[in-house]
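Going line by line, the protein sequences match chains A and B. Take any residue in the first sequence, count from 1 to its spot, add 17: that is its number in our numbering. Take any residue in the second sequence, count from 1 to its spot, add 17: that is its number in our numbering. Just so it is clear, CB atoms sit at the ideal spot from N, CA and C, and this is done for glycine as well. All values reported here derive from a predicted model rather than from experimental measurement. Reviewing the structure listed below.
2 protein chains.
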Amino acid sequence: MYVIVVYDVDVKRVSKVHRFLRTHLHWRQNSVFEGEVTRAQLYEIKRTLEDLIEDNDSVLIYELPGSNFTLHVIGTDKSPVGEII
Amino acid sequence: MYVIVVYDVDVKRVSKVHRFLRTHLHWRQNSVFEGEVTRAQLYEIKRTLEDLIEDNDSVLIYELPGSNFTLHVIGTDKSPVGEII
Numbered sequence: 018m019y020v021i022v023v024y025d026v027d028v029k030r031v032s033k034v035h036r037f038l039r040t041h042l043h044w045r046q047n048s049v050f051e052g053e054v055t056r057a058q059l060y061e062i063k064r065t066l067e068d069l070i071e072d073n074d075s076v077l078i079y080e081l082p083g084s085n086f087t088l089h090v091i092g093t094d095k096s097p098v099g100e101i102i
Numbered sequence: 018m019y020v021i022v023v024y025d026v027d028v029k030r031v032s033k034v035h036r037f038l039r040t041h042l043h044w045r046q047n048s049v050f051e052g053e054v055t056r057a058q059l060y061e062i063k064r065t066l067e068d069l070i071e072d073n074d075s076v077l078i079y080e081l082p083g084s085n086f087t088l089h090v091i092g093t094d095k096s097p098v099g100e101i102i
């Protein structure tokens, strides 16, 4: 499955979350990661993020059935991966 | 089609981009919008964003074939919509 991860966390925890996600996924843009993962990897990503974040932090993981989405880039693509429209 | 819009724009332009996207889509989290749009609406969103942003700004629009993705929320859901896992 393909996932898009976006997060809105306290500035104190941003680098911790960023460093962790970078070990599993592709950095796309400020607070945005994406990539192909297995069910087990998704479970581990969720479990670790639950430990890393606190209180009012928020992480959204969009789990897509596959990577058959289309990506439209407007302005600068800060970290190109795959096909761009 | 369903779209997820994430943006990384200069602080001077954040509120302009936010105000515009709010007229078409659901605010989800800091710099993240999503929602169902037609092809014509997607075209207008892209065209208007091209006018609003500058230089090193970046907007990514993930166009999904439908809304059959699964959303995993970790921590706080800043603006619930639809089904949450």
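Look at the alpha carbon of residue i and the alpha carbon of residue j, and state the distance between them as a whole number of angstroms.
i: Val23/B; j: Asp74/A; result: 17 Å
i: Tyr79/B; j: Phe37/A; result: 23 Å
i: Asp27/A; j: Tyr60/B; result: 34 Å
i: Thr93/B; j: Leu66/A; result: 12 Å
i: His41/B; j: Gly52/B; result: 8 Å
i: His43/A; j: Ala57/B; result: 30 Å
i: Lys63/B; j: Thr55/A; result: 32 Å
i: Leu69/B; j: Lys33/B; result: 7 Å
i: Lys29/A; j: His35/A; result: 12 Å
i: Phe50/B; j: Arg39/B; result: 8 Å
i: Gly83/B; j: Ser96/B; result: 20 Å
i: Leu77/A; j: Asp72/B; result: 28 Å
i: Ile102/B; j: Ile91/A; result: Any reading at Ile102/B must be qualified, since the residue scores a pLDDT of 42, below 50, and its modelled position is unreliable; no value is offered.
i: Phe86/B; j: Gln46/B; result: 17 Å
i: Met18/A; j: His89/A; result: 20 Å
i: Phe48/B; j: Asp25/A; result: Per the sequence presented here, residue 48/B reads as Ser, with Phe not at that position. Answer to the nearest angstrom: the Cα atoms are 9 Å apart.
i: Val31/B; j: Leu81/A; result: 28 Å
i: Ile21/B; j: Ile21/A; result: 9 Å
Could you check where the beta strand (DSSP E) with residue i kicks off and where it finishes?
i: Val8/A; result: The requested residue 8/A does not occur in the structure, where chain A is confined to residues 18 to 102.
Quick one: which residues of the region 82-93 of chain B get their C-beta closer than 7 Å to a C-beta of chain A? List them in chain order. Pro82, Asn85, Phe86, Thr87, Leu88, His89, Val90, Ile91, Gly92, Thr93
List, from N- to C-terminal side, the beta strand (DSSP E) runs of 3 residues or more that fit wholly inside the region 29-96 of chain A. 43-46, 49-53, 75-81, 87-92
Of all the residues that make up the region 56-78 of chain A, which are near chain B by a beta-carbon distance shorter than 7 Å? Lys63, Leu66, Glu67, Ile70, Asn73, Asp74, Ser75, Val76, Leu77, Ile78
Taking a cut of 7 Å between CB atoms, which residues from the region 19-35 of chain A lie near chain B? Ile21, Val23, Asp25
Anything in the region 38-55 of chain A with a Cβ closer than 8 Å to a Cβ of chain B? List those residues in chain order, please. Arg45, Gln46, Asn47, Ser48, Val49
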